[in-house]
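Participant: Structure provided below as structure tokens; questions to follow.
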Amino acid sequence: MSVAEPAPDLVFRPGTAADLSTTFELSERAMHAAASRQGAVPPEAPLTDARIRADWLRQRSMIEFIAAQPDGRYLVCEGAEGPIGYARVVRFGAMEQLTELMVAPRHQGHGVGRALLERCWPGDPTPELGRVVVATGAPNDLTLYTEFGVMPVGGHWHMRAHAGVYLSRRSQETDAPVPAVHVLNPDHAVHEWCRLEPDAIAHDREVLHQFLARDRTCLAYTPPGRAEPAALCWVSREGEIGPAVAATAGDLVPVVMAALDRVAKSREPETLSVYVTTLSWWLIRRLRRLGFQVFWPSWVLCSIPLPGLDRYAPTRPPQVL
Ligand SMILES: CC(C)(COP(=O)(O)OP(=O)(O)OC[C@H]1O[C@@H](n2cnc3c(N)ncnc32)[C@H](O)[C@@H]1OP(=O)(O)O)[C@@H](O)C(=O)NCCC(=O)NCCS
Numbered sequence: 260m261s262v263a264e265p266a267p268d269l270v271f272r273p274g275t276a277a278d279l280s281t282t283f284e285l286s287e288r289a290m291h292a293a294a295s296r297q298g299a300v301p302p303e304a305p306l307t308d309a310r311i312r313a314d315w316l317r318q319r320s321m322i323e324f325i326a327a328q329p330d331g332r333y334l335v336c337e338g339a340e341g342p343i344g345y346a347r348v349v350r351f352g353a354m355e356q357l358t359e360l361m362v363a364p365r366h367q368g369h370g371v372g373r374a375l376l377e378r379c380w381p382g383d384p385t386p387e388l389g390r391v392v393v394a395t396g397a398p399n400d401l402t403l404y405t406e407f408g409v410m411p412v413g414g415h416w417h418m419r420a421h422a423g424v425y426l427s428r429r430s431q432e433t434d435a436p437v438p439a440v441h442v443l444n445p446d447h448a449v450h451e452w453c454r455l456e457p458d459a460i461a462h463d464r465e466v467l468h469q470f471l472a473r474d475r476t477c478l479a480y481t482p483p484g485r486a487e488p489a490a491l492c493w494v495s496r497e498g499e500i501g502p503a504v505a506a507t508a509g510d511l512v513p514v515v516m517a518a519l520d521r522v523a524k525s526r527e528p529e530t531l532s533v534y535v536t537t538l539s540w541w542l543i544r545r546l547r548r549l550g551f552q553v554f555w556p557s558w559v560l561c562s563i564p565l566p567g568l569d570r571y572a573p574t575r576p577p578q579v580l
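This note's numbering puts the first residue of the sequence shown at 260, with every later residue one more than the last.
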């Protein structure tokens, strides 16, 4: 098999804070091209500068937080016209996540993605340091990643519904009243995330939850007669839902429903979006009944099995699991 080699005049260098907005634009363009190829957006739909700017303003604080973590890697591949590809790895506890691997559409297929990954993830994962990535699910990224010590552990689906359809179907639900969900204060929320999450995703992310606690609200579901919450869900001011975690797969449903209700009523968006894993069957079943459809099916690939993806809903934006 012939192996594509990146052109010799390309430079691989560490990224800096000054590169963040440029590489974000690159990621938007690479993802838009991938979305067109997979049919998630019409091929002719333009990606406007205004859209990229709005997305940057919404995601900037998360990207800056990820880039600022110790023991991470941020590598840029530069050609004559500037950056044409980049990769970023962040470490939380005993896990390294590849948060982005992006190559500008017209430079894809020439070995740049592989060369970036070889530099970011050299050698094999170890028992002390695992690897995880959310892959868009195209043949090329799945083929590439499975050479770097990670294997598919579950689907990661972006599900969407028209808010009007959701609210109308929700108002007709008579058989399943939503149990009471309450808001946790930030310190309590971080404490509960540290209690429930590591068993579900096999790594510890206290610092991520301290970051989310600064501008998101943590909804919690505490079953009657219990002292501690059985489920948690972050909701941002902009209406982004997730991550969510629960003690059991069934407990995940009420807290995500409460988050959707809150966003649908307070922000009145045209569409509602949530990420689910394909192991969270109870949640998927409920979402399908409420008008949600699969918008973009992606994959979680990891170097170890993740024990509780049936009771976990991924983070939005999806840079981190
Ligand atoms: C995924 C991506 C980063 C790959 O970068 P790239 O520079 O095009 O990839 P490379 O040329 O280095 O090829 C890497 C490997 O992909 C695999 N590959 C490429 N085309 C393929 C195809 N049509 N079918 C199956 N596998 C394919 C091969 O294993 C190839 O390695 P090889 O040529 O040594 O055999 C790039 O396509 C991209 O930016 N996509 C959009 C964003 C995205 O999906 N990022 C990943 C999730 S964050």
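Here a beta-carbon is modelled for each residue, glycine too, at the ideal position from N, C-alpha and C. Keep in mind it's a predicted model, so treat the numbers as computed, not measured.
(1) Which class does T536 belong to by DSSP, given the choice of helix, strand or coil?
(2) Under a Cβ-count criterion, where at least 16 other Cβ atoms within 10 Å of its own Cβ denotes burial, should S525 be classed as buried or exposed?
(3) Within the continuous beta strand (DSSP E) that includes I325, where are the two ends?
(4) L491 to Y480, Cα distance in whole Å?
(5) I need the straight-line Cα distance from A276 to P381, nearest angstrom please.
(6) Would you check whether ligand 1 has a heavy atom nearer than 7 Å to the C-beta of D268?
(7) What residues are listed by DSSP as bridge partners for C453?
(8) For the structure I just gave you, are there three or more beta carbon pairs, one from the region 386–397 and one from the region 347–364, closer than 8 Å?
(9) For A353 and R545, I'd like the C-alpha separation in whole angstroms.
(10) Can you find at least 3 beta carbon pairs, one from the region 556–566 and one from the region 449–467, that sit closer than 8 Å?
(11) With respect to 7 Å, is the separation between the Cβ of L403 and the closest non-hydrogen atom of ligand 1 below this value?
(12) My parser needs the beta strand (DSSP E) runs of 3 or more residues fully inside the region 416–449; what are they?
(13) Tell me whether Q297 counts as near ligand 1, meaning its Cβ is closer than 7 Å to at least one heavy atom of that ligand.
(14) Using the three-state DSSP reduction, which class does E355 fall into: helix, strand or coil?
Facilitator: Well, looking at it:
(1) strand
(2) exposed
(3) Here I325 belongs to no beta strand (DSSP E); instead the alpha helix (DSSP H) covers 308–326.
(4) 7 Å
(5) 24 Å
(6) no
(7) According to DSSP, which records beta bridges pairwise, C453 is partnered with nothing at all.
(8) yes
(9) 33 Å
(10) yes
(11) yes
(12) 440–443
(13) no
(14) strand
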